[in-house]
Amino acid sequence: VAGHAEAVLEARIAVELGVGAIEHQHHRGRQALMQAADLFGADPGAGGVGRLHEGLPPSVVLVLDGAYAEFNSDPGFEDGLGMARHADDIVVTRTFSKIHGLAALRVGWGYLPAEMASAVDRIRLPFNINIPAQLAAVAALGDDGFVARSLALVEQWRPWLTQQISGLGLDVVPSAANFVLVGFPAAPGRTAVEAEAFLATKGLLTRGVGNYGLPGHLRITIGLEQHNRAVVEGLAEFMGQ
């Protein structure tokens, strides 16, 4: 993947739309195509989302998953909100799971046209968000200090983690999220699956992404200093360094 999120997006569209599967299976309704960049933690690049939107047929709704948008400090980053204000076929979703630290509560929000929001509300599961989760989310909106500390932590340790892991001979995809995507060799004894198992024996839990078509990669979350140093030490031991 090597950070080329824009190419990944274009490839995903070519696969999904080229075979006509969306139009064939759901020809009566508007459809959603998720932005793939968040999987890699990469920025699709200036103008990338706009070009993606322009290339979609009118029957497709573009859903921009902004779970990690707050971690991208690039002034040119497109979070989709500006585009969504002037379009009726763009949905922007966000979560309280990442920068707000409320992952266990499974709560988020979306920005979308009123008629679309009404349709989603009619088909959602009853009581899908409980009252404690709602109250915690509202409180989190006012906790700017926590958000600032979360962002500062990631901005401090993301380049360090990238540099240290790259120094072990592993491929690290440039990240604009709160994790790094690490590529491993295919040689036995050095694979991503084996690395995940090895790190787990040391109490370090990483995430394999083979189910996303990347069997040779692991997602490693950026943690506190002791966590980041521990994972680098664990990877160094795994790589025999």
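The numbering used here runs 371 ahead of the 1-based position in the sequence shown.
Note that beta-carbon positions come from the ideal geometry of N, C-alpha and C, so glycine has one too.
All values derive from a computational prediction rather than experimental measurement.
Under 8 Å between C-beta atoms of residue i and residue j
| i | j | result |
| --- | --- | --- |
| F467 | A519 | no |
| V525 | L541 | no |
| L476 | A504 | yes |
| T577 | L589 | yes |
| V509 | M487 | no |
| A563 | P586 | yes |
| G451 | L435 | yes |
| I593 | L539 | no |
| G479 | F517 | no |
| F555 | R561 | yes |
Limits of the beta strand (DSSP E) - the one that residue i falls within
| i | result |
| --- | --- |
| H588 | L585 to T592 |
| L435 | V431 to D436 |
According to DSSP, residues forming a beta bridge with residue i
| i | result |
| --- | --- |
| W480 | R465 |
| L552 | V544 and R590 |
| G579 | L589 |
Proximity to residue i [Cα-Cα], best of the options
| i | options | result |
| --- | --- | --- |
| K573 | G605, M454 and G451 | G605 |
| F448 | I500, F569, V434 and V420 | V420 |
| I536 | I591, L496 and D492 | I591 |
| N549 | S444, V434 and G560 | S444 |
| A557 | R600, M610, H598 and L433 | M610 |
| A455 | Q612, L473, S546 and V432 | V432 |
| V551 | W528, P446 and P559 | W528 |
| D514 | P446, A547, P559 and I470 | I470 |
| P446 | E565, A547, G581 and R493 | A547 |
| H598 | P559, A571, G481 and E565 | A571 |
| R465 | G481, G581 and H457 | G481 |
Nearest-angstrom Cβ-Cβ length linking residue i and residue j, presumed shorter than 8 Å
| i | j | result |
| --- | --- | --- |
| D459 | P428 | Actually they do not touch by this definition, with Cβ atoms about 14 Å apart. |
| E441 | L506 | 21 Å between Cβ atoms; not a contact. |
| L575 | A607 | In fact, because the Cβ distance is near 12 Å, the residues do not count as touching under 8 Å. |
| E567 | G579 | 5 Å |
Residue interval of the alpha helix (DSSP H) (run including residue i)
| i | result |
| --- | --- |
| L512 | I502 to L512 |
| Q612 | Per DSSP, Q612 belongs to no alpha helix (DSSP H) and is neither H nor E. |
| I494 | A485 to I494 |
| G448 | Note on identity: in this sequence residue 448 is Phe, with Gly being the wrong assignment. Premise fails: F448 is in no alpha helix (DSSP H) and is neither H nor E. |
| T562 | Segment: none, T562 is in no alpha helix (DSSP H) and carries neither H nor E. |
| G516 | D515 to S537 |
| R422 | G419 to E425 |
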